[in-house]
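Quick notes on the structure that follows.
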Amino acid sequence: MTHALPRVVAGAALALTAMAAQADDVSVAVAANFAGPLAKIGEAFTAASGHTLKVSSGATGRFYSQIAAGAPFEVLLAADDQTPKKLIAEGYAVAGSNFTYAIGKLVLWSAQPGFVDDQGAVLASSKFAHLAVANPKLAPYGQAGMEVLKSRGLTEALTPKLVTAETIAQAYQFVASGNAELGFVALSQVAVPGKPATGSQWLVPQSLYGEIRQDAVLLKVGEKNPAATALLAYLKGHAARSVIQSFGYGQ
Numbered sequence: 433m434t435h436a437l438p439r440v441v442a443g444a445a446l447a448l449t450a451m452a453a454q455a456d457d458v459s460v461a462v463a464a465n466f467a468g469p470l471a472k473i474g475e476a477f478t479a480a481s482g483h484t485l486k487v488s489s490g491a492t493g494r495f496y497s498q499i500a501a502g503a504p505f506e507v508l509l510a511a512d513d514q515t516p517k518k519l520i521a522e523g524y525a526v527a528g529s530n531f532t533y534a535i536g537k538l539v540l541w542s543a544q545p546g547f548v549d550d551q552g553a554v555l556a557s558s559k560f561a562h563l564a565v566a567n568p569k570l571a572p573y574g575q576a577g578m579e580v581l582k583s584r585g586l587t588e589a590l591t592p593k594l595v596t597a598e599t600i601a602q603a604y605q606f607v608a609s610g611n612a613e614l615g616f617v618a619l620s621q622v623a624v625p626g627k628p629a630t631g632s633q634w635l636v637p638q639s640l641y642g643e644i645r646q647d648a649v650l651l652k653v654g655e656k657n658p659a660a661t662a663l664l665a666y667l668k669g670h671a672a673r674s675v676i677q678s679f680g681y682g683q
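To convert, count from 1 in the sequence shown and add 432; that's this note's numbering.
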């Protein structure tokens, strides 16, 4: 019995050494709206696998250009389903590796309590001077926001008030800082698990914009990296899906 504990400790040490020897880094390009959930998922993924994530967040359209120009990303978590398909068609991503990991939801948000009503009628009012929106040419959430304005017949009236951000994260910062009274952001940015809701918001009905299907894809650079394939498999599992749902995404 006196020798059992050292043997157990030695066995655990060997197991950890083996995990470390097999651990790899994976370079992930993630749409800005999903940066928060991925941070939480990444912690659990690393604990379970030993693999670590090198994460860059930004606009999906920008990532497409960077990948096509040779950026060494191994996995893309896009804010749409078209960019991964395009990357596969053009030979930058692995055919058959793409799948939908989340359905995004759009919110009209203000940092000021009581500013945004539950029908979005504030958009047709004169209560604000600036409306933040992510660049619709680069960010699917920005495109969705513009679709809402078109659905409400407000595009022409509100174009002078638009403050265009490069990413949905920057759009959120414009509103949070007060540089814009309100803006279109992702529900995941204002429905953070464990944190009280701030300001006021309108959860935009999905009938007013095209479905935001967010797809993941394995890029050719990461095809032979076990950590890249392991991450994509982990995203399909129960633990990751629970986190995704907790941030308000549909699946």
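C-beta atoms are modelled at their ideal positions from N, C-alpha and C, and glycine is treated no differently.
Quick caveat: nothing in here was measured; it's all calculated off a predicted structure.
Identify whether residue i lies in helix, strand or coil by the three-state DSSP scheme.
i    : result
Q498 : helix
G536 : strand
Q621 : helix
V565 : strand
G654 : helix
In this structure, what does DSSP give as the bridge partners for residue i?
i    : result
R673 : Paired residues: none, contrary to the question.
L594 : L563
S392 : Residue 392 lies beyond the stretch modelled for the chain, which goes from 433 to 683, so this question has no answer here.
G682 : I535
I need the boundaries of the beta strand (DSSP E) containing residue i, first residue and last residue.
i    : result
Q646 : I644 to L650
V462 : D457 to A463
Quick one: what's got a C-beta closer than 7 Å to residue i's C-beta in the same chain, skipping five residues either side?
i    : result
G654 : V458, E506, V507 and A660
A450 : Low confidence applies here, because A450 scores a pLDDT of 42, under 50, leaving its location unreliable and the question unanswered by this model.
G610 : A543
K569 : G493
Could you please give the first and the last residue of the uninterrupted alpha helix (DSSP H) stretch that includes residue i?
i    : result
A429 : Absent from the model: residue 429. The displayed extent of the chain is 433 to 683, so no value can be given.
K486 : No alpha helix (DSSP H) contains K486, which is instead part of the beta strand (DSSP E) from T484 to G490.
S639 : Neither: S639 is in no alpha helix (DSSP H) and is coded neither H nor E.
L581 : P572 to S583
Applying the 10 Å Cβ sphere with the 16-neighbour rule, what's the burial state of residue i?
i    : result
S542 : buried
E475 : exposed
Q683 : exposed
T591 : exposed
E643 : exposed
E613 : buried
Under 7 Å between C-beta atoms, does residue i make it to chain D?
i    : result
G626 : Looking for chain D here will not work: only one protein chain is present.
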